[in-house]
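Below: the structure, in structure tokens.
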Amino acid sequence: MCNISPKKPWTYCLNVMVLRLLNSINTKNPGLFFFLKDYNPIINNSIKNNKWETIACPVCDNDSFSDLFVKREEPFVRCNNCSLVLINPRPEYEEIKKTYDNDYSRDYAKKDKTKLKRSLKRVNLVKRNFGSEGRWLDVGCSAGFVVKAASQCGFNAYGVDVEPWGINYGNTELGLNNLSVGLLENQAYPNEFFNVISLYDVIEHVPDLNTLAKELKRILAPNGVIDIVTPDIGHFRVTKPLSDWKEIKPSEHLYYFDKTTLNKLFSNHGLFITKKRFGLKASMKVCIQHII
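In the numbering used here, the protein residues as written are 3 to 294.
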């Protein structure tokens, strides 16, 4: 049920509940859809395009949520079991991919000197903490600045991203040759192949978290480390109300973790957080390794 309060009008609550009902029944019932087709933009879009999906919580597999707010017609909810915040229902993956057009990487590449400098700091921090060399994979590498930095620091560095323009930029402008276009799980890297895997401001964008976590475990070397940066919804500097937080980005940031929910996600796959770095920004920086 929807939690009704002065900040959550009954019309919104009813709309979300109806949308969830529609997503759970056979869409071949044209009479019901005709009756509701113009009731609300969220419902209208889902009926018109049939490109929305409802999911169970990817952390705990719970299907009970409390409604928080709507932003740009997308409902943000909190899992009633583990407290993960997510968009649910949400656009299907093919719609989400449209967010990452060529302009996304072009804007990123314009800050090349700044991005490379920050990437070098991140790579050197991992080296200091773990003394690790060998193979480095940057997931969601965009234009390839982390891959370039890791190469300069002695790693055999790879990158993967769903957006082709950034991969082409990394190949032609940065002289990289280990970049791939597509989803991580489609790259067929060997088992236990990487000593370091980085996901910098990436995991909150990934639709299928459990497929990602399973693949990360498979390709991570026994003593390897996964270095993650993601918005931290548990940070003391998160804006109130939550809907005003700058990290609330419909169709982009699909999930909002704190340390507990992120650790739970990875512990389901035999990985766990071994180090968390403090920061003044509302961002979580953690290292994840195999459970021994």
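Idealized CB from N, CA, C, for every residue including glycine.
Remember, predicted model here, so these are calculated numbers, not experimental data.
(request) Give the C-beta separation of Trp54 and Arg80 to the nearest angstrom, bearing in mind that I take them to be a contact with Cβ-Cβ under 8 Å. (result) Trp54 to Arg80, Cβ: 19 Å. No contact.
(request) Would you mind stating whether Ala136 and Phe157 have Cβ atoms separated by less than 8 Å? (result) The residue asked about is misnamed: residue 136 is Gly in this sequence, not Ala. Contact flag set, yes.
(message) Contact defined as beta carbons within less than 8 Å: I believe Val227 pairs with Ser144. What is the distance between those atoms, to the nearest angstrom?
(response) No, Val227 and Ser144 are not in contact; Cβ-Cβ is about 21 Å, not under 8 Å.
(request) Would you tell me roughly how many angstroms separate the C-alpha atoms of Phe280 and Met286, rounded to the nearest one? (result) 8 Å
(request) Taking all protein chains shown into account, decide if Ile230 is buried (16 or more other Cβ within 10 angstroms of its Cβ) or exposed. (result) buried
(message) Tell me the residue span of the beta strand (DSSP E) that contains Tyr191.
(response) Where Tyr191 is concerned, there is no enclosing beta strand (DSSP E), given that its DSSP letter is neither H nor E.
(request) Would you kindly report the start and end of the unbroken beta strand (DSSP E) that includes Ala159? (result) 158 to 163
(message) Restricting to Cα atoms, I'd like to know which of Leu222, Gln154, Val148 is closest to Thr116.
(response) Val148
(message) So Ala223 and Glu194 are supposed to be a Cβ contact under 8 Å. How far apart are they, rounded?
(response) 5 Å
(request) Could you check the C-alpha separation between Leu176 and Ser66 for me, to the nearest Å? (result) 47 Å
(message) According to DSSP, is Ser66 part of a helix, a strand, or is it coil?
(response) coil
(message) Cutting at 8 Å between CB atoms, please list the residues of its own chain near Asn82, excluding the five before and the five after it.
(response) Asn64, Ser66, Phe67, Ser68
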